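In what follows, a structure is listed as structure tokens, so that the remarks can point back to it.
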Amino acid sequence: MDGPVAILVVNGGKDPEAGSWLEICLSSVRRHTPAGAARVYAWNNNLSDPRVRPLLASFPGAVLVEADPAETLSHPHAVPLQRLYERARADGAAVIVTLDSDSFPVRDGWLEDLLRPLGPRVPLSGVWRDELAPDVLPYVHPCGLAVTVRFVEEAGLRFDGFRSPRRAICDTLAAFTDAVEDRGLEAARLLRSNRNSFHRLMGAVYGGAIYHHGAGSRTNMAFWDEVKESPERRRLMEEDSRLLRDESASLLFRFRDRFAGWLEGRGPGTEGVGRPDFLLVLGMHRSGTSCLTGCLERCGVFLGEVSRANPHNLRGNHEAGDLVALQEGMLRRAGGSWRSPPPPFPPAPEEVASLRAIVERLAARGRAGVKDPRTLLLAEAWEAAAGSCARIGTFRHPSAVARSLERRDGMGTEEALALWNAYNGALLRLHRERPFPLLAFDLSDPAAYVRAVCAAAVRLGLDPNPPAIAEFVSRELDHAGGGEGEVPSACAENWEYLRSHAYRPGDPGEDFDAALAEFRGRCSERRRALEAAAPVPAPPPPEESLLRRAMGRLKRGLGR
-3 MDGPVAILVV NGGKDPEAGS WLEICLSSVR RHTPAGAARV YAWNNNLSDP RVRPLLASFP
57 GAVLVEADPA ETLSHPHAVP LQRLYERARA DGAAVIVTLD SDSFPVRDGW LEDLLRPLGP
117 RVPLSGVWRD ELAPDVLPYV HPCGLAVTVR FVEEAGLRFD GFRSPRRAIC DTLAAFTDAV
177 EDRGLEAARL LRSNRNSFHR LMGAVYGGAI YHHGAGSRTN MAFWDEVKES PERRRLMEED
237 SRLLRDESAS LLFRFRDRFA GWLEGRGPGT EGVGRPDFLL VLGMHRSGTS CLTGCLERCG
297 VFLGEVSRAN PHNLRGNHEA GDLVALQEGM LRRAGGSWRS PPPPFPPAPE EVASLRAIVE
357 RLAARGRAGV KDPRTLLLAE AWEAAAGSCA RIGTFRHPSA VARSLERRDG MGTEEALALW
417 NAYNGALLRL HRERPFPLLA FDLSDPAAYV RAVCAAAVRL GLDPNPPAIA EFVSRELDHA
477 GGGEGEVPSA CAENWEYLRS HAYRPGDPGE DFDAALAEFR GRCSERRRAL EAAAPVPAPP
537 PPEESLLRRA MGRLKRGLGR
């Protein structure tokens, strides 16, 4: 779309405790928009905020319009948008882009994505809000909207107009969508692209391009579809939304890129990998792989049909029998076994095909993964079958592993320590090749282990459920103790590498992984409280209405 572009932003209410919404919005615009691609027009309702004028002054050509304290606006958002629009149109703008102060671009190319579809058949483009349907009809939302000035003028639209014959509830600019559809035209849609969410409406990324907090400057935290809830449940929902708004805003202001990346399912553990949705749990036998995998299942990882209980793992080893048999058969073909690892060997084509079939079957359900210690010895086969999967590893003090193997398999200490070296040598070689979280399996402090698992899960783009993980983890899962004492000299070199590279989350105030894990824990607690307050069932439609619908379906089926 040719012609000058104007970006309109209204700075309303105070932000929740941390930072400035206008600052995060405009700094993101500057960061992700080519110089000279658009002119910023900002309206300031927050006359007491001393940061606004210097912020706008840093934008070449930006226009700041401040509210008249003697004037009472009929709507603090829509009326300023109309006045900014009139100013931009007078300056020759051909395309208008709107952003809410609590929305902002998250990557380069966002403006091009909004403008590219615009043309005679598509005069409107932007964030498609359909989360409130059917209570509120979907529409292009002003948190990320582009419209041609020509269409606004031809359709007689106003940015402060709320009337639309289609809608019982008409939000700001919703009438633009209706005007497009009434004329048989189209609106290009940026759909919600979250892989992780903390609220059904707030904290969304659209089209991988624009973040919208959803209630950054609001004091009223009741959403339109909540009016049918019971008073007590609605009160709880408002309280929950208020807390989520403020706590997530704190995360956002401190860790903007990491937080947006988590919402999209991205993170340092998944960037650049071929199949970030498929996870390999890597670790030596009796080294906490079962415990870690059970925790990851509580982070949303789908495992399929796996063992849930056996004599040596009261909560299950979380292994699939077909995978264990397949991998043990592959080791036997190479002249070895799990107790006698063979040298690295190329997989046979049919073995690769079998592994690929397992990957595809599990990955069809979303974020999936597998656990079998033999996987450590077959990394080449997994690379051939599934590409570069996401990885997480676990290790344990060699003496504790030796005691556990003696108890389970009657294995002597010398053989057990040699096996520990073989498996963990493979683990550290994979880690050197491409770093991934390595967790030390030591349940002497279960709470510390839970924090580390939750933070590592966040790092892999997963969504941990800390209360469920804490409930799953216990000291009893550490069958042979933490293995305190000196490390056998034969294992010292490998142990030192693993110990020095163990994943340790930092303080939640400085470490995003730890901060997000704590936030997710509080979200889970509040979610359980909301679930305990059962919703009031909606009344059934009148019999007459049901009969009318049934007759309508019958007539359509008969072609009448």
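Taking our numbering as reference, the numbering of the sequence shown is continuous, increasing by one, and the terminal residue is 556.
Cβ atoms here follow ideal geometry from the backbone N, Cα and C, with glycine treated the same way.
A quick note: this is a predicted structure, and the numbers were derived from the prediction, not measured.
Exercise for the section: Within the same chain, show all residues whose beta-carbon is closer than 8 Å to that of A511, passing over the 5 residues directly before and after it, in chain order. Expected result: L247, R250, F251, P504, G505
Exercise for the section: Could you check what DSSP says for G362 in three-state terms: helix, strand or coil? Expected result: coil
Problem - Span of the alpha helix (DSSP H), counted from its first residue to its last, around N7 - result: N7 -> not in any alpha helix (DSSP H); beta strand (DSSP E) instead, spanning 1 to 7.
Problem - Stretch pair the region 137 to 152 + the region 117 to 129: three plus CB contacts closer than 8 Å - result: yes
Handout entry: Alpha-carbon to alpha-carbon, L239 and R304
Key = 37 Å
Exercise for the section: Throw me the rounded Cβ distance for the V355 and F274 pair, which I believe falls under 8 Å. Expected result: 6 Å
Problem - Reduced DSSP category for G140 - H, G, I as helix; E, B as strand; rest coil - result: strand
Exercise for the section: Using beta-carbon positions only, say whether A142 and L110 come within less than 9 Å of one another. Expected result: yes
Handout entry: Beta-carbon contacts of M217 that lie in its chain and below 6 Å, excluding the five residues immediately before and after
Key = E234, S237, R238
Handout entry: Cut-off 6 Å between Cβ atoms - residues of its own chain near S24, not counting five sequence neighbours on either side
Key = F100, P101
Exercise for the section: Could you check the C-alpha separation between D167 and F158 for me, to the nearest Å? Expected result: 7 Å
Handout entry: Range of the contiguous alpha helix (DSSP H) that encloses I558
Key = Not covered by the structure: residue 558. The range shown for the chain is -3 to 556.
Practice task
Spell out a yes or no on whether the region 410 to 419 and the region 432 to 449 are touching, meaning 3 or more CB-CB pairs, one atom from each, closer than 8 Å.
Solution key: no
Handout entry: Integer Cβ distance of V446 from K367, believed to fall under 8 Å
Key = Contact doesn't hold; Cβ gap of about 18 Å is too wide.
Practice task
Pick helix, strand or coil for F155, following the three-state DSSP scheme.
Solution key: coil
Problem - Same chain, Cβ closer than 7 Å to G57, five either side skipped, listed in chain order - result: R35
Problem - Beta-carbon proximity of S97 to V6, cut-off 9 Å - result: yes
Handout entry: In chain order, each beta strand (DSSP E) run of at least 3 residues that lies wholly inside the region 286 to 358
Key = none
Exercise for the section: Go ahead and pull the three-state DSSP assignment for V388. Expected result: Residue 388 is actually Ile in this sequence, not Val. Strand at I388.
Practice task
Tell me where the alpha helix (DSSP H) around N40 begins and ends.
Solution key: That residue, N40, is in no alpha helix (DSSP H); its beta strand (DSSP E) goes 35 to 40.
Practice task
Pull up the DSSP beta-bridge partners for A245, would you.
Solution key: DSSP output for A245 lists no bridge partner at all.
Handout entry: Status (buried if at least 16 other CB within 10 Å, exposed otherwise) for E315
Key = buried
Exercise for the section: My understanding is that V91 touches V145, with C-beta atoms under 8 Å, so please give their C-beta distance in whole angstroms. Expected result: 7 Å
Practice task
Quick one: measure Cβ to Cβ for L43 and L18, integer angstroms, because I've assumed they're closer than 8 Å.
Solution key: Going by Cβ atoms, the distance from L43 to L18 rounds to 13 Å, so no, they are not a contact pair.
Problem - Residue burial classification, P227 (beta-carbon count within 10 angstroms, cutoff 16) - result: exposed
Practice task
In angstroms with no decimal places, state the Cα-to-Cα distance between A171 and E467.
Solution key: 49 Å
Handout entry: Sheet register partners of E62 (DSSP bridge)
Key = N40
Exercise for the section: Please report the residue range of the beta strand (DSSP E) in which S121 lies. Expected result: 120 to 125
Handout entry: For G257, three-class secondary structure by DSSP
Key = helix
Handout entry: Contained beta strand (DSSP E) runs [length at least 3] in the region 176 to 239, N- to C-terminal order
Key = 183 to 186, 200 to 202, 206 to 208
Handout entry: Through-space distance from D156 to L636, alpha-carbon basis
Key = Past the edges of the chain, shown from -3 to 556, lies residue 636, and the structure says nothing about it.
Exercise for the section: Assuming N490 and L424 form a contact by the criterion Cβ under 8 Å, report the distance between their Cβ atoms to the nearest whole angstrom. Expected result: 6 Å
Practice task
Write down every uninterrupted run of the alpha helix (DSSP H) in the region 424 to 460 whose length is 4 residues or greater and which is fully enclosed by it, in chain order.
Solution key: 442 to 455
Problem - Closest residue to E243 among A211, D253, R229 (Cα-Cα distance) - result: A211
Handout entry: Assigned exposure category for R387 - 16 Cβ within 10 Å defines buried
Key = buried
Problem - Sequence-distant residues of the same chain with beta carbon closer than 7 Å to R49, five excluded per side - result: L60
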